[in-house]
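Novice: Provided herewith is a single structure, encoded as structure tokens, for subsequent inquiry.
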Amino acid sequence: MTSWALWGTIVNTVLVLIGSLVGVLIGKLCRCIGKNKGDGRAKGSITDSVMRAMGLCVILIGISGALKMGNVLVVIVSMAIGTFLGELADLDALVGRLGAAIERRFKREGGGLAEGFVAATLLFCVGAMTVTGAIESGISHVHTTYYAKGLIDMVSATVFATTLGVGVALSAVSVFVVQASFTLLAVLAGGAIPAAVTGEMIAVGSLLVVAIGTNLLGVTRIKVMNMLPAMFLPIVLVPLFSLLPL
């Protein structure tokens, strides 16, 4: 079953649903009991600690994937050129503006349900792990990135759903559609891309996962979206480096 290309997406979707439903139940329980002790700071500190623990796990997964690289020079050059191109385009700001525009529109038109759906969809679907996980699942049928993303999304969904309600659970549909689409594209592309190239693409993607982990720890504030073009440069660089006397 784990050899299915979409298995990682399915697990991620289910974890978002579980986290959302738990969050909705917690929110209802708090409202029914009527207890509000002003413990926001304590809750926040617990959530922060859990997210940092997830950050450590994400770093471990990223390092284990990056160490499987075949040619470190391809990875270095890909990261340098890809980050340069991403910074020129400022993909992080572009995605941020797009997300803010969508969120404003739904807040204006759809009320609380739509607000929870849009906020959670943007959080769970817009990010480097969505793309790196799709390539990993679609090409190598290894789902560790989506497993890690699923656990992070589950924790986030629980927190979101306590205040934003059942709209967060509806974002599971977005998670499945977006990640399944990217994964199926990776499956189609994988047949045309040599194994040596896909190995380097996954290695570069794993470095981006490490950056996501350090962001979760609060150690860095790396704009990972601006590094995303680096994942696709091995398609050009691996054949080029094979021609060089290195």
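Residue numbers 11 to 256, in the numbering used here, belong to the letters of the sequence shown in order. Even glycine gets a Cβ: it sits at the ideal position worked out from N, Cα and C.
For Ala199, report the span of its alpha helix (DSSP H) as first-last.
Specialist: Indexing the sequence shown from 1 puts residue 199 at position 189. Where Ala199 is concerned, the enclosing alpha helix (DSSP H) stretches over Gly177 to Gly200.
Novice: Hey, Val185 and Phe242: beta-carbon distance below 8 Å or not?
Specialist: Position 175 of the sequence shown, counting from 1, holds the residue named residue 185. Position 232 of the sequence shown, counting from 1, holds the residue named residue 242. Cβ distance not < 8 Å, so Val185 and Phe242 don't count as in contact.
Novice: For Trp14, name the three-state secondary structure that DSSP assigns.
Specialist: One-based indexing of the sequence shown puts residue 14 at position 4. Here Trp14 sits in coil by DSSP.
Novice: Would you call Gly18 buried or exposed, if buried means 16 or more other Cβ atoms sit within 10 Å of its Cβ?
Specialist: Stepping through the sequence shown from its first residue, residue 18 is reached at position 8. Buried is the call here.
Novice: Helix, strand or coil for Val136? Go by DSSP, reduced to three states.
Specialist: As a position in the sequence shown, residue 136 is number 126, starting the count at 1. Coil at Val136, not helix or strand.
Novice: Report the option in Val197, Val152 and Ile232 whose CA atom is closest to the CA atom of Thr12.
Specialist: Mapped onto the sequence shown, residue 12 falls at position 2. For the residues Val197, Val152 and Ile232, the minimum Cα distance to Thr12 belongs to Val152.
Novice: Using 8 Å as the threshold, is the stretch 199-219 in touch with the stretch 22-40, meaning 3 or more CB pairs across them?
Specialist: With the cut-off at 8 Å, the stretch 199-219 and the stretch 22-40 do not touch.
Novice: Between the Cα of Val229 and the Cα atoms of Ala221, Met235 and Gly75, which residue gives the shortest distance?
Specialist: Walking along the sequence shown from the start, residue 229 turns up at place 219. Cα-wise, what sits closest to Val229 is Ala221.
Novice: Would Thr142 and Thr131 qualify as a contact pair, given that the criterion is a beta-carbon distance under 8 Å?
Specialist: Sequence index remark: in the sequence shown, residue 142 carries index 132 (1-based). Sequence index remark: in the sequence shown, residue 131 carries index 121 (1-based). Their beta carbons are not under 8 Å apart, which means Thr142 does not touch Thr131 by this criterion.
Novice: Which same chain residues, not among the five before or five after Val136, have their C-beta less than 7 Å away from its C-beta?
Specialist: One-based indexing of the sequence shown puts residue 136 at position 126. Cβ within range, chain order: Val105 and Gly109.
Novice: What do you reckon, are the CB atoms on Asn22 and Gly160 nearer than 8 Å?
Specialist: Walking along the sequence shown from the start, residue 22 turns up at place 12. Walking along the sequence shown from the start, residue 160 turns up at place 150. A contact, by the Cβ cut-off of 8 Å.
Novice: Would Val128 pass as a contact of Ile112 if the rule is Cβ separation under 8 Å?
Specialist: Translated into positions along the sequence shown, residue 128 becomes position 118. Translated into positions along the sequence shown, residue 112 becomes position 102. In this structure, Ile112 lies closer than 8 Å to Val128 by Cβ.
Novice: Which whole-angstrom value describes the C-beta separation of Ser30 and Ala182, a residue pair presumed to lie in contact below a C-beta threshold of 8 Å?
Specialist: By one-based count along the sequence shown, residue 30 stands at place 20. By one-based count along the sequence shown, residue 182 stands at place 172. Correct: roughly 7 Å between the Cβ atoms.
Novice: Here's the rule: buried if 16 or more other CB atoms are within 10 angstroms of the residue's CB, otherwise exposed. What is Gly201?
Specialist: Stepping through the sequence shown from its first residue, residue 201 is reached at position 191. Exposed is the call here.
Novice: On a CA-only basis, which of Phe94, Ala15 and Gly33 is nearest Leu238? Give me that one, please.
Specialist: On the sequence shown, position 228 is the one that residue 238 refers to. Closest by alpha carbon: Phe94.
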